[in-house]
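Heads up, the thing below is written out as structure tokens.
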Amino acid sequence: MKFKSFLVILIIVFTALSSCDQGHKTVQSKEKPVRKATVVVPHFNADSAYYYVDKQVSFGPRVPGTKAHSACLKWLTKKFDQYSDTVIVQHFKARTYDKVVRNGENIIASFNPENKKRILLMSHWDSRPFADHDPDPSKRRTPIDGANDGASGVGVLLEMARQFTLQKPTVGVDIVLFDLEDWGPPTDLKMYKEEYWGLGSQYWAKNPHVYGYSAQFGILLDMVGAKDPTFRKEGYSRDYARYYLDKVWSTAQDLGYGNYFISEDGPAISDDHVFVNEYAKIPSIDIIDLRPESSNQTFFEYWHTTGDNMSIIDKESLKITGIVLLSVVYND
Ligand code: AHN
Ligand code: ZN
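Taking the working numbering, the leading residue of the sequence shown gets 98, the next gets one more, and so forth.
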């Protein structure tokens with residue numbers, strides 16, 4: 098009896114000790130630093146993006162109703178067809194400030210169309226019919242190349258699409274290129290109204306390419322190609338999509354681009370994302386180069402002038418937004 102109980106105690110003590118030892122081991126393995134699985138984000142080819150910007154500009158100003166506009170539409174459709182699962186050209190009519198009804202075409206390229214979780218990437222592909230801010234008054238009704246204001250965002254998105262074919266993202270992505278963004282009234286006419294701008298995005302946000310379309314969030318690229326851009330936190334983006342705005346800015350800062358993606362509040366800009374927020378109810382931000390020090394006090398020096406041509410496009414700038422956006426898409 099005594100020996101038996103001694104044996105029982107011995108077994109209990111031994112079991113306790115060994116389990117204690119196991120427990121200790123378990124704790125130790127739990128204390129090892131937990132590493133998040135790293136995703137391989139594809140490379141962004143800035144030469145390729147630059148070529149896409151140059152190619153758009155080479156057609157001439159992409160003013161709706163012109164040959165350059167339809168030639169560029171044909172080229173963009175062909176390229177996105179090559180790099181995405183589906184491409185839809187959405188034809189629409191819209192009335193400009195001068196009461197003329199014009200034809201427009203929004204271009205929508207989709208990746209993983211079956212995936213319910215989606216990211217929306219946007220830019221406008223038309224160029225402004227008037228250089229109303231040109232220092233030379235005789236040029237203020239001349240159409241602009243829109244190398245930065247238009248072509249730069251499209252060039253970045255087309256290069257991203259090319260990367261998506263090389264390494265498919267897990268999330269669904271829609272690239273929407275709006276038309277008729279930039280046909281707002283020339284400033285000297287003093288007839289500014291928000292609804293005169295972003296006619297393509299107003300149409301799409303009210304009539305998306307897929308019935309009931311939605312996305313987790315949207316990102317608009319506007320004027321991302323001039324040297325040393327300063328992307329400040331735009332006002333509507335802060336109001337409508339603060340969480341995604343902070344997420345994109347912190348991604349950029351982690352990548353070492355904090356000098357360009359500045360943690361500073363900028364003004365509110367009536368741009369395509371406003372309509373996407375208001376009508377489509379998709380929380381959307383605007384990555385827009387804001388320069389309070391410029392002579393127009395808001396945008397890059399050559400904004401809405403004939404100087405917005407290829408000579409001011411910087412490959413490094415295209416690369417910055419490209420890398421940041423690829424990182425956002427592949428880490429989602
Ligand atoms: C305003 O000037 C109020 N919004 C400018 C939107 C725009 C025009 N982006 C590019 N071109
Ligand atoms: Zn513009």
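Beta carbons are placed, not taken as given, at the ideal position from N, Cα and C, and that holds for glycine. None of these values were measured; they are calculated from a predicted model.
- Within 10 angstroms of the beta-carbon of Gln264 lie fewer than 16 other beta-carbons, which makes it exposed.
- Counting along the chain, the unbroken alpha helix (DSSP H) around His166 starts and ends at Lys164 to Tyr180.
- Residue range Ser249 to Leu263 is occupied by the alpha helix (DSSP H) that includes Ala258.
- Judged by DSSP in its simplified three-state form, Asp411 adopts coil rather than helix or strand.
- Assignment of Phe397 by DSSP, reduced to helix, strand and coil, places it in the coil class.
- Your pair Arg237 and Asp231 checks out as a contact, with CB atoms roughly 5 angstroms apart and the cut at 8 angstroms.
- Per DSSP, reduced to three states, the secondary structure at Gln313 is coil, with no helix or strand assignment.
- Scanning Ile382, Leu342 and Ser414 for the CA closest to the CA of Tyr357 turns up Ser414.
- DSSP places Asn245 in the helix class (H, G or I) of the three-state scheme.
- Taking non-hydrogen atoms of the ligand ZN into account, the C-beta of Asp223 is found less than 6 angstroms away from none of them.
- Across the set Leu255, Thr174 and Lys196, the C-alpha of Leu255 shows the shortest separation from the C-alpha of Ala143.
- Within the same chain, Tyr337 and Ser381 come within 6 angstroms of Asn374 by CB-CB distance, once the 5 residues on both sides are set aside.
- DSSP places Glu202 inside the beta strand (DSSP E), whose first and last residues are Val198 to Phe208.
- With 16 or more other CB atoms across the displayed protein chains lying within 10 angstroms of its CB, Val426 is buried.
- The DSSP-derived three-state label of Gly363 is coil.
- Note: Leu318 is bridge-paired with Ile384 in the DSSP secondary-structure output.
- Taking the Cβ atoms as the reference, Arg215 lies roughly 7 angstroms from Val270, within the contact range of under 8 angstroms.
- Under DSSP, Val186 takes part in a beta bridge, and its partners are Ile204.
- For Gly297, the enclosing alpha helix (DSSP H) stretches over residues Leu296 to Lys303.
- The ligand ZN has a heavy atom closer than 6 angstroms to the beta-carbon of Asp279.
- With a cut-off of 6 angstroms, the C-beta of Ser391 is classified as distant from the ligand AHN, since no heavy atom of the ligand falls inside that distance.
- Contact between Ala312 and Ile379 is confirmed by a C-beta separation of about 5 angstroms, below the 8 angstroms threshold.
- The three-state reading of DSSP puts Phe372 in helix, counting H, G and I together.
- Shortest gap from the CB of Asp271 to any heavy atom of the ligand ZN: 6 angstroms or more.
- Ser220 has Leu274 as its beta-bridge partners, per DSSP.
- Under the three-state reduction of DSSP, Gly157 is assigned to coil, being neither helix nor strand.
- For the pair Thr183 and Pro210, the CB atoms are nearer than the 7 angstroms cut-off.
- In this structure, Gly322 places its C-beta atom within 7 angstroms of the C-beta atom of Ile410.
- The nearest non-hydrogen atom of the ligand AHN is 6 angstroms or more from the C-beta of Ser155.
- For Asp233, the shortest separation between its Cβ and any heavy atom of the ligand ZN does not lie below 6 angstroms.
- The beta carbons of Thr239 and Ala228 sit closer together than 7 angstroms.
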